[in-house]
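What follows is a set of notes on a single structure, which appears directly below.
2 protein chains.
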Amino acid sequence: MRQRVDGRKVRGEKRRTEIIEATLRVIERDGVAGVTHRTVAKEAGVPTTSTTYHFATLDDLLIATLIDCARDMATEVYWMIDRARSRGSRGAEEVANLLAEALGPRRGRTMAEYELYLLAARRPELRPAARRWLDVLTSMVRHDDEVAFRVFLAGIDGLLIQGLIDDEPPTAEELRPVVDYLLKPR
Amino acid sequence: MRQRVDGRKVRGEKRRTEIIEATLRVIERDGVAGVTHRTVAKEAGVPTTSTTYHFATLDDLLIATLIDCARDMATEVYWMIDRARSRGSRGAEEVANLLAEALGPRRGRTMAEYELYLLAARRPELRPAARRWLDVLTSMVRHDDEVAFRVFLAGIDGLLIQGLIDDEPPTAEELRPVVDYLLKPR
DNA sequence: AGAGTATCGGAACGATAGTCCCAATAGTAG
DNA sequence: CTACTATTGGGACTATCGTTCCGATACTCT
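Protein chains in written order, with my numbering: chain U, 1 to 186; chain Z, 1001 to 1186.
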C-alpha cells in the first residue's frame, strides 16, 4: 500500500517524480519518439527496471509525464491571459514577450506541449489533460466574449506552432504587431 | 540510372509512389510512430526489402512522404484562402466547411499534417516543406494585409489543432461564428 | 537474341526495444 | 527485535526493429 494516513510522501514518491522529470527532459530533447525505458532511466540516473516498477507500462509513464506537463502549461497560459486582460494596452506587449520566450529559451518545452496535443488527438485518455488549459481559461471569461476568446486562443496556438518551424525564433518585436491585431476588438 | 530523357516514368517509379502512399496511410492510421519498414511494406503489399531498396533509410521514406503530404496541404489551403477572399460574405461559411471537413472525414490526414509540423520543428531539413503553404499563401496577399493575413493563418492552425483534441469533431455550424469573427476586418 | 542493369523478394544478422524474474535492501508495524 | 512489505537493481528473455546479403527476375539497349 502506497498511501499514508498522515499525508507524508511515501518512500517511492520521490523517485517517481524524478523519473517523470527525466522523461520530460527526454521529450524536450528528443521528442516522444526518444522515450524508452532505458533512455529515461539513464537520464534519471536510475536502473532500467526502476521505470517499469513505478509505471506498469511505458505508456503509463508517457501519460503521467504529459499530464504533469499539461498542468504547468495551464499555469503558464493562465498568466498570459491574465496579463493580456488586466494591463490594458500593454497586454499585447506582455503576450508577445511570453510567446517569444516560449519559442526561444523554452522551445523544447513548447515542442513537448504540442507533442502532447498530437498524442491526445490519437488517444482519448489524454484529451482531458490536453484540454485542461483551454477549459479552465474558457471558464474565466465573460460569456459574451466567448467567441473573441476562442479566436484569441486559436491565434496563440497557431503563432506558437508556426513559430516552431521558423529557422530562428521570432522576437517579441516581430510578434508584437500580430498579437496587437489579434487582441484588437472588433 | 533512373532518369530518362523522354520524361516517361522509369520502371521503379510506380512502386516508389505506392510505397509513399502506403506510408501516408500508415501515418494517418497510427502516426509517425507506427511507420516501420514492415508495416509500410504490409500496407503496400510489397516485400519488406522493397522499402529499403527505394529509400536508403527509413528516415528518407518518412521525409519523402511528408514532403508529398505538404504539397497536397498547400493545395488545400490555397483553395481555402481563395474561397475566403473571393466570395465576400460567404467566405466564412466556405472556410468553416473546409475546417469541419478537415476535422471530420479528413481527420487522419490533418493529424498527419501536424505530425509533419512537429517533426519539422526538430529537423531543419523538413522545414521548407512544412512552411511551403505558409510561404506560398503569404506571397499571394497584398502587403498591407500581411498582419491580418498572418493572424488568419495562425487562427486556422489553432482551430485545427484544437479541433483535433475534441471528443467529437466540431461541425461547420459551430465553427462558423469563430471563423466569422476571425475574418472580420479591424 | 544476348548482355547489362534495374528491380524484386526471401532470408538472416546485429541491435535495441519492452517487460519479467528474482535476489538484495531498507524502512515500518507489531 | 522480528516479520513484513515496499523498493531497488542486476540480469535475461523474447519480440521487433533497421538494414544487409544474395540469388532470381524483368526490362532495355545494341
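Ideal Cβ positions, reconstructed from N, Cα and C, are used throughout, including at glycine.
Check, Outcome
"Would you kindly work out how many angstroms separate the C-alpha atoms of Z:Ile1081 and Z:Leu1024, rounded to a whole number?", "25 Å"
"Would you mind listing the alpha helix (DSSP H) stretches within the stretch 90-132 of chain U that are 4+ residues and don't spill past its ends, in chain order?", "91-103, 107-122"
"I'd like the list of long-range same chain contacts for U:Glu101, defined as Cβ closer than 6 Å, with 5 residues on each side in sequence excluded.", "none"
"Quick one: list the residues of chain Z neighbouring U:Ile156, beta-carbon separation under 9 Å, in chain order.", "Ala1154, Gly1158"
"Between the beta-carbon of U:Val35 and the beta-carbon of U:Leu66, is there less than 8 Å?", "no"
"Comparing alpha-carbon positions, which option in U:Ala22, U:Arg29, U:Asp68 lies nearest U:Met253?", "There is no way to answer for residue 253 of chain U, as the model of chain U reaches only from 1 to 186."
"Going by the beta-carbon positions, is the gap between U:Val46 and U:Ile20 smaller than 8 Å?", "no"
"In angstroms, rounded to a whole number, what distance separates the CA positions of U:Met1 and U:His37?", "Residue placement at U:Met1 is flagged as unreliable, the pLDDT there being 42, under the threshold of 50; the coordinate-derived value follows with that caveat. Computed Cα separation, rounded: 24 Å."
"Would you say U:Asp167 reaches chain Z, if we count a Cβ-Cβ gap shorter than 8 Å as a contact?", "yes"
"Consult DSSP for Z:Glu1013 and reduce its assignment to one of helix, strand or coil.", "helix"
"Comparing alpha-carbon positions, which option in Z:Lys1184, Z:Leu1164, Z:Leu1182 lies nearest Z:Tyr1114?", "Z:Leu1164"
"What does a CB cutoff of less than 7 Å around U:Leu98 pick up in its chain, not counting 5 residues either side in sequence?", "Met80"
"Once DSSP output is grouped into helix, strand and coil, what is the label at U:Leu183?", "helix"
"Taking 8 Å as the CB-CB cut-off, is Z:Val1147 touching chain U?", "yes"
"Using CA coordinates, which residue listed in U:Arg106, U:Val26, U:Arg15 is at the minimum distance from U:Ser50?", "U:Arg15"
"Is U:Val77 closer than 8 Å to U:Leu137 when the C-beta atoms are compared?", "yes"
"Closest by CA to Z:Asp1135, which one among U:Val26, U:Gln162, U:Ala96?", "U:Gln162"
"Which bits of chain Z does U:Glu115 rub up against, with CB to CB less than 7 Å?", "Leu1118"
"By Cβ distance, which residues of its chain are closer than 7 Å to U:Asp108, with the 5 residues on each side in sequence left out?", "The sequence as given places Gly at residue 108 of chain U; Asp does not occur at that position. Closer than 7 Å at the Cβ level, and outside the excluded window around U:Gly108, lie Glu28, Arg29."
"Under 8 Å between beta-carbons, which chain U residues line up against Z:Pro1177? List them in chain order, please.", "Val147"
"Could you tell me whether the stretch 1177-1185 of chain Z touches the stretch 1147-1158 of chain Z, using the rule of 3 or more Cβ pairs below 8 Å?", "yes"
"Rounded to whole angstroms, what's the CA-CA distance from U:Tyr181 to Z:Pro1105? Just pull it up for me.", "33 Å"
"Output needed for Z:Val1040: all residues of its chain with C-beta closer than 8 Å, excluding positions within five of it in sequence on either side, in chain order.", "Ile1019, Ala1022, Thr1023, Val1026, Thr1051, Leu1061"
"Tell me, please, whether the CB atom of Z:Ile1161 is closer than 8 Å to any CB atom in chain U?", "yes"
"Return the CA-CA distance between U:Glu13 and U:Glu43, expressed in angstroms with no decimal places.", "18 Å"
"Rounded to whole angstroms, what is the Cα-Cα separation between U:Ala96 and U:Phe152?", "13 Å"
"U:Arg85: which of U:Met140, U:Thr171, U:Glu168 sits nearest, CA to CA?", "U:Met140"
"Leaving out five residues before and five after Z:Leu1126 in sequence, what residues of the same chain have Cβ atoms less than 6 Å from its Cβ?", "Leu1119, Ala1120"
"Since I believe U:Arg132 is in contact with U:Ala64 (beta carbons under 8 Å), could you give me their beta-carbon distance rounded to a whole number of angstroms?", "In fact, because the Cβ distance is near 15 Å, the residues do not count as touching under 8 Å."
"Please report how far the alpha carbon of U:Arg83 lies from the alpha carbon of U:Arg176, in whole angstroms.", "14 Å"
"Nearest by alpha-carbon distance to U:Cys69: which of U:Asp144, U:Thr171, U:Leu116, U:Val178 is it?", "U:Leu116"
"When DSSP labels each residue in this structure, what does Z:Met1140 get in the three-state scheme?", "coil"
"With Z:Ala1154 as the anchor, note down where its alpha helix (DSSP H) starts and where it stops.", "1146-1163"
"Would you report the Cα separation of U:Ala154 and U:Ala33, rounded to the nearest angstrom?", "26 Å"
"Among residues of its own chain, excluding the 5 on either side of Z:Gly979, which ones have a beta-carbon nearer than 8 Å to its beta-carbon?", "For chain Z, the structure presents residues 1001 to 1186; residue 979 of chain Z sits outside this window and is missing."
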